[in-house]
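Read through the structure below, which is laid out as structure tokens, and then see the notes.
Protein chains: 2
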Amino acid sequence: MRRIRYFAIVILALALAVPAWTSAQPANEPIQPIKAVKPANQELVELGKMLYFDPRLSKSGFISCNSCHNLSMGGTDNLKTSIGHNWHKGPINAPTVLNSSLNLAQFWDGRAADLKAQAGGPIANPGEMGFTHALAVDLLQSIPGYVALFKRAFGTERVTIEEVTKAIAAFEETLVTPNSRFDRWLEGDANALSEKELAGYKLFRGSGCVACHNGPAVGGNSFQKMGVVEPYKATSPAEGRVAVTGKDADRFKFKVPTLRNVELTYPYFHDGEANTLTQAVDTMSRLQLGKKFSDEENANIVAFLKSLTGDQPTFTLPLLPPSSDLTPRGHPFD
Amino acid sequence: MRRIRYFAIVILALALAVPAWTSAQPANEPIQPIKAVKPANQELVELGKMLYFDPRLSKSGFISCNSCHNLSMGGTDNLKTSIGHNWHKGPINAPTVLNSSLNLAQFWDGRAADLKAQAGGPIANPGEMGFTHALAVDLLQSIPGYVALFKRAFGTERVTIEEVTKAIAAFEETLVTPNSRFDRWLEGDANALSEKELAGYKLFRGSGCVACHNGPAVGGNSFQKMGVVEPYKATSPAEGRVAVTGKDADRFKFKVPTLRNVELTYPYFHDGEANTLTQAVDTMSRLQLGKKFSDEENANIVAFLKSLTGDQPTFTLPLLPPSSDLTPRGHPFD
Numbered sequence: 001m002r003r004i005r006y007f008a009i010v011i012l013a014l015a016l017a018v019p020a021w022t023s024a025q026p027a028n029e030p031i032q033p034i035k036a037v038k039p040a041n042q043e044l045v046e047l048g049k050m051l052y053f054d055p056r057l058s059k060s061g062f063i064s065c066n067s068c069h070n071l072s073m074g075g076t077d078n079l080k081t082s083i084g085h086n087w088h089k090g091p092i093n094a095p096t097v098l099n100s101s102l103n104l105a106q107f108w109d110g111r112a113a114d115l116k117a118q119a120g121g122p123i124a125n126p127g128e129m130g131f132t133h134a135l136a137v138d139l140l141q142s143i144p145g146y147v148a149l150f151k152r153a154f155g156t157e158r159v160t161i162e163e164v165t166k167a168i169a170a171f172e173e174t175l176v177t178p179n180s181r182f183d184r185w186l187e188g189d190a191n192a193l194s195e196k197e198l199a200g201y202k203l204f205r206g207s208g209c210v211a212c213h214n215g216p217a218v219g220g221n222s223f224q225k226m227g228v229v230e231p232y233k234a235t236s237p238a239e240g241r242v243a244v245t246g247k248d249a250d251r252f253k254f255k256v257p258t259l260r261n262v263e264l265t266y267p268y269f270h271d272g273e274a275n276t277l278t279q280a281v282d283t284m285s286r287l288q289l290g291k292k293f294s295d296e297e298n299a300n301i302v303a304f305l306k307s308l309t310g311d312q313p314t315f316t317l318p319l320l321p322p323s324s325d326l327t328p329r330g331h332p333f334d
Numbered sequence: 001m002r003r004i005r006y007f008a009i010v011i012l013a014l015a016l017a018v019p020a021w022t023s024a025q026p027a028n029e030p031i032q033p034i035k036a037v038k039p040a041n042q043e044l045v046e047l048g049k050m051l052y053f054d055p056r057l058s059k060s061g062f063i064s065c066n067s068c069h070n071l072s073m074g075g076t077d078n079l080k081t082s083i084g085h086n087w088h089k090g091p092i093n094a095p096t097v098l099n100s101s102l103n104l105a106q107f108w109d110g111r112a113a114d115l116k117a118q119a120g121g122p123i124a125n126p127g128e129m130g131f132t133h134a135l136a137v138d139l140l141q142s143i144p145g146y147v148a149l150f151k152r153a154f155g156t157e158r159v160t161i162e163e164v165t166k167a168i169a170a171f172e173e174t175l176v177t178p179n180s181r182f183d184r185w186l187e188g189d190a191n192a193l194s195e196k197e198l199a200g201y202k203l204f205r206g207s208g209c210v211a212c213h214n215g216p217a218v219g220g221n222s223f224q225k226m227g228v229v230e231p232y233k234a235t236s237p238a239e240g241r242v243a244v245t246g247k248d249a250d251r252f253k254f255k256v257p258t259l260r261n262v263e264l265t266y267p268y269f270h271d272g273e274a275n276t277l278t279q280a281v282d283t284m285s286r287l288q289l290g291k292k293f294s295d296e297e298n299a300n301i302v303a304f305l306k307s308l309t310g311d312q313p314t315f316t317l318p319l320l321p322p323s324s325d326l327t328p329r330g331h332p333f334d
């Protein structure tokens, strides 16, 4: 009897000790889980998905949103800077479209207020899709299958760029990645993380990384200077937020990138100069925090970062409505 | 009673008349239905699908098989000639990958015996994906997710180009398009075609088009000279089959393209010079048959051709295994 009571006390003590051992009260963490999205208007999302995959929205007929924000590869192109019309070398690394609805603004310098405002940018950028909004709209208007889909989604057969970007944004809003192992840990599953990953998170939280990389997207919610303690030796001419505000104080300020799915979104930084997470953690800790992590500490943080990979959006590859005889053909070589 | 017998005879006569009216004994038609494919090795197909969508098999990290044989767009790029590495202008129109397993050989000049032999071509072509087989294999070998998939599909962790092309071909063999309205008509559904479509088919069959465009793929099973009755004024330097055989008689002989899904695979001919089906039918009838169809006849044939659009392959967009720190990054601008 005494023995049983002894064991019961030991088990109770162990049970109480678990939260203490993980030293986490998920409710009080600076990072919150990503929530799944239930789209209000599925027809709009389906139309947006088609437009997202449609290279006819580019001058060449070759480049779609998915070319540089590839949903097979973490919503990026995994290139240092992107390839645009006529093999134009882009000025900046393509940020992931995944969880981009959680960003405080779009583009590295935040020049677009939201996804709808962003969606029109690359279509008309001569170094990206190289088209114009007017030509894109004329093209869609010439495709009977699209006209029918716009009619269903918007109640009108007259396509405008407003509706095009609204549909693309509606699709992009569905591209969230819930259910990462880190989120499962946040939601109370103490076994979702390994000891190494948890040690990495504690270091990430305790060393100052969370000052900028916080919230559900683990970033995306502020503009910060690249190179706080030590200046960043940039090879890229990008100057960040100053291009939008005109304020000198905003020079080299960039939107803090989300760290969700960061395992998939290499290379890193606005200029894509860091090829690996190890390198990115090392550079950021030195430049932003004045810290040099040991190899083991760095590896632990990298292990934690890889636990942020969530469920990737899965869907059927869209079939695009065919062009009509009146649809202008792509002009890649003009 | 007499009245009832009269009606019964009328109904019987009508029932017997239906096959006579359609004037088709589908069993004797020169075109046969496309059969659905049940892959023997689903793991191999899934691996091949990933490789088909993986731009890391190109030097730039930007161009995949799906870039030019886009499964959202009838397995083509809908461009006159394709865009390759460094925006290279391709010499020839990208043929559709749909039903390509039915071709007697691959490429317009038939220089590859089968899909496996074809699959390695674009990867190593400097004007297409611009890579080498050795680099492609090294790259895949550096990606743990791929190594595991190769192990499952082939029982070995050592990747070679043999396995890469075998997997891509296995996926491509699944890309058939059964169940077109024309096939349903062939299989006995007299209502599957409109009168106009049927009139178009009769003209297609009776005017000599079926001499080359026959079999399940409505083409793809012979090499024929482009310009039999009247020479074709080519703008493209492509000379066709002579490049393979060295025989003068094979100059301007090209593989007869499949007409399956031809509604989706514009523009037409090896040089992509015909933008519309109307134009393609007009040119081919003049050059190959010495015929000039009236506008109505041409429109009927086009209506028939559009009944050849089958069920497009539908599948979940593949998620690609991420690169490791050791995986070489794409080099678009070297």
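Those protein sequences? They're chains A and B, same order as listed. Mapping of the first sequence onto the working numbering: residues 1 to 334, in sequence order. Mapping of the second sequence onto the working numbering: residues 1 to 334, in sequence order. Yeah, the Cβ is synthetic: ideal placement off N, Cα and C, and Gly gets one too.
Hey, residue 81/B and residue 70/B: beta-carbon distance below 8 Å or not?
-> no
Residue ranges of each beta strand (DSSP E) within the region 174 to 244 of chain B, 3 or longer | With a minimum length of 3 residues, the continuous beta strand (DSSP E) runs that stay inside the region 174 to 244 of chain B are 223 to 225.
Look at the alpha carbon of residue 91/A and the alpha carbon of residue 183/B, and state the distance between them as a whole number of angstroms.
-> 51 Å
For residue 140/A, which residues of its own chain have a beta-carbon under 6 Å away from its beta-carbon, when the five flanking residues on both sides are left out?
-> 146 and 159
Residue 291/A: first and last residue of the uninterrupted beta strand (DSSP E) it sits in = For residue 291/A, no beta strand (DSSP E) encloses it, and the DSSP letter there is neither H nor E.
Are residue 341/B and residue 187/B closer than 8 Å when you measure CB to CB?
-> Summary: the structure shown does not reach residue 341/B, with chain B confined to residues 1 through 334, and so no result is reported for it.
Run the CB neighbour count on residue 181/A, radius 10 Å, all protein chains shown included, and call it buried at 16 or more, exposed below.
-> buried
Segment limits, alpha helix (DSSP H) that includes residue 151/B | Its alpha helix (DSSP H) spans residues 144 to 154.
Under 8 Å by beta carbon: chain B residues contacting residue 323/A | 78 and 266
Anything in the region 138 to 153 of chain A with a Cβ closer than 9 Å to a Cβ of chain B? List those residues in chain order, please.
-> none
Check whether the region 253 to 264 of chain B touches the region 210 to 229 of chain B, counting contact only when three or more Cβ pairs, one atom from each stretch, lie closer than 8 Å.
-> yes
With 8 Å set as the bound, which would you pick, yes or no: does the beta-carbon of residue 86/A sit closer than that to a beta-carbon of chain B?
-> Residue 86/A counts as touching chain B.
Can you list, in chain order, the residues of its chain whose CB lies under 8 Å from that of residue 142/B, leaving out five sequence neighbours each side?
-> 323, 324, 326, 327 and 328
What does DSSP give as the partner residues of residue 84/A in its beta bridges?
-> 88/A
Members of the region 299 to 323 of chain A that neighbour chain B once the beta carbon cut-off is set at 7 Å = 312, 314, 315, 316, 317, 318, 319, 320, 322 and 323
Neighbour flag for residue 263/B against chain A, beta carbons, 8 Å | yes
With distances taken between CB atoms, is the gap from residue 157/A to residue 307/A smaller than 8 Å?
-> Not a contact, by the Cβ cut-off of 8 Å.
Within 8 Å, strictly: CB atoms of residue 280/A and residue 268/A | yes
Using a Cβ cut-off of 8 Å, pull out every chain B residue sitting near residue 61/A, in sequence order please.
-> 77, 78 and 79
Would you kindly report the start and end of the unbroken alpha helix (DSSP H) that includes residue 116/A?
-> 115 to 124
If you check the beta carbons only, do residue 315/A and residue 316/B fall under 8 Å apart?
-> yes
Closest Cα partner of residue 277/B within the set 291/B, 289/B, 300/B and 288/B = 300/B
Residue 339/B versus 330/B, 318/B, 271/B and 167/B, residue with shortest Cα-Cα distance = Any question about residue 339/B goes unanswered here, given that chain B covers just 1 to 334.
Applying the criterion that 16 or more other CB atoms from any shown protein chain within 10 Å of the CB defines a buried residue, is residue 229/A buried or exposed?
-> exposed
Drop a sphere of 10 angstroms on the beta-carbon of residue 56/A, count the other beta-carbons inside from all chains shown, and report buried for 16 or more, exposed for fewer.
-> buried
Could you work out which residue in 88/A, 223/A, 162/A and 64/A is closest to residue 127/A when comparing CA atoms only?
-> 88/A
Please go through the same chain and pick out, in chain order, the residues whose beta-carbon is closer than 7 Å to the beta-carbon of residue 124/B, but skip the five residues on each side of it.
-> Result list for residue 124/B: 131, 132 and 133, in chain order.
For residue 42/B, which option in 251/B, 172/B, 97/B and 253/B has the closest C-alpha, if you only look at C-alpha atoms?
-> 172/B
If you follow the beta strand (DSSP E) that residue 38/A is part of, which residue opens it and which one closes it?
-> That residue, residue 38/A, is in no beta strand (DSSP E); it is neither H nor E in DSSP.
Going straight from the alpha carbon of residue 163/A to that of residue 122/A, what length do you get?
-> 16 Å
Expressed to the nearest angstrom, what Euclidean distance is found between the alpha-carbon atoms of residue 319/B and residue 320/A?
-> 20 Å
Anything in chain A within Cβ reach of residue 181/B, meaning under 7 Å, just list it in chain order.
-> Near residue 181/B there are no residues of chain A at all, since even the closest Cβ is about 15 Å away, more than 7 Å.
Could you give the DSSP three-state label for residue 106/A: helix, strand or coil?
-> strand
Identify which residue in 73/B, 234/B, 84/B and 286/B has its Cα closest to the Cα of residue 313/B.
-> 73/B
DSSP three-state call for residue 352/B: helix, strand or coil?
-> Residue 352/B lies beyond the stretch modelled for chain B, which goes from 1 to 334, so this question has no answer here.
Check whether the Cβ atoms of residue 177/A and residue 45/A sit closer than 8 Å, and answer yes or no.
-> no
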